[in-house]
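Colleague: Have a look at the structure that comes next, please.
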Amino acid sequence: MSLSKDVQNNLLYQHLWNDVTEYELRLKNGDTLTLCKGMPPEKLHPDDEEVGVEYILPVKTENKWTINQWNDVFDSLGDKEGKFIHRIIMAMVTIDSTIVYYFINNGLIKPRKH
């Protein structure tokens with residue numbers, strides 16, 4: 001099974017997301033990535049205004065990502081969607097198939113005030 005299918009199934013059946021689909025993204029450098037796109041059952045972060053569509057990038061733990069690569073993903077996704085993308089969720093899939101999710105933000109985010 002592909003990484004994106006593993007992540008899609010994890011989001012649907014373990015985390016109870018809705019409408020999770022695979023999403024092909026052509027980067028500006030010509031490469032193509034398969035992301036997942038879906039709706040979580042509730043807000044993922046206390047600062048989120050409402051539940052909305054989230055983009056999830058499945059990667060293997062051993063992949064190394066640079067800021068330039070992330071910039072290309074954010075720019076390409078923003079161009080395709082016609083809007084500024086504030087965050088992407090990185091789904092790191094380990095050798096034992098554990099999936100760990102990380103927020104990757106487009107730019108700097110102010111710390112929350114308690």
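Following full-length UniProt numbering, the numbering of the sequence shown begins with 1 at its first residue and continues without gaps. Just so it is clear, CB atoms sit at the ideal spot from N, CA and C, and this is done for glycine as well. Note that this is a predicted model, so its numbers are computed, not measured.
#1: In this structure, does DSSP put residue 5 in helix, strand or coil?
#2: Straight-line CA distance for residue 113 to residue 46?
#3: Using the C-alpha atoms, what's the distance from residue 53 back to residue 88?
#4: Using beta carbons (cut-off 8 Å, strictly below), is residue 57 in contact with chain C?
#5: Locate the beta strand (DSSP E) running through residue 89, then write down its first and last residues.
#6: Within its chain, find whatever has a CB closer than 8 Å to the CB of residue 105; leave out the 5 residues flanking it on each side and keep chain order.
Modeller: Well, looking at it:
#1: Taking the first residue of the sequence shown as position 1, residue 5 is located at position 5. Three-state result, residue 5: helix.
#2: In the sequence shown, counting from the first residue as 1, residue 113 sits at position 113. In the sequence shown, counting from the first residue as 1, residue 46 sits at position 46. Annotation: residue 113 to residue 46 spans about 12 Å, alpha carbon to alpha carbon.
#3: If you number the sequence shown from 1, residue 88 lands on position 88. If you number the sequence shown from 1, residue 53 lands on position 53. Looking at the two C-alpha atoms, the distance is approximately 10 Å.
#4: In summary, chain C is missing from the structure at hand, where a single protein chain is found.
#5: Working through the sequence shown from its first residue, we reach residue 89 at position 89. Taken as a continuous stretch (DSSP letters only), the beta strand (DSSP E) holding residue 89 covers 87-93.
#6: As a working note, residue 105 is residue 105 in the sequence shown. Answer for residue 105: 86, 87, listed in chain order.
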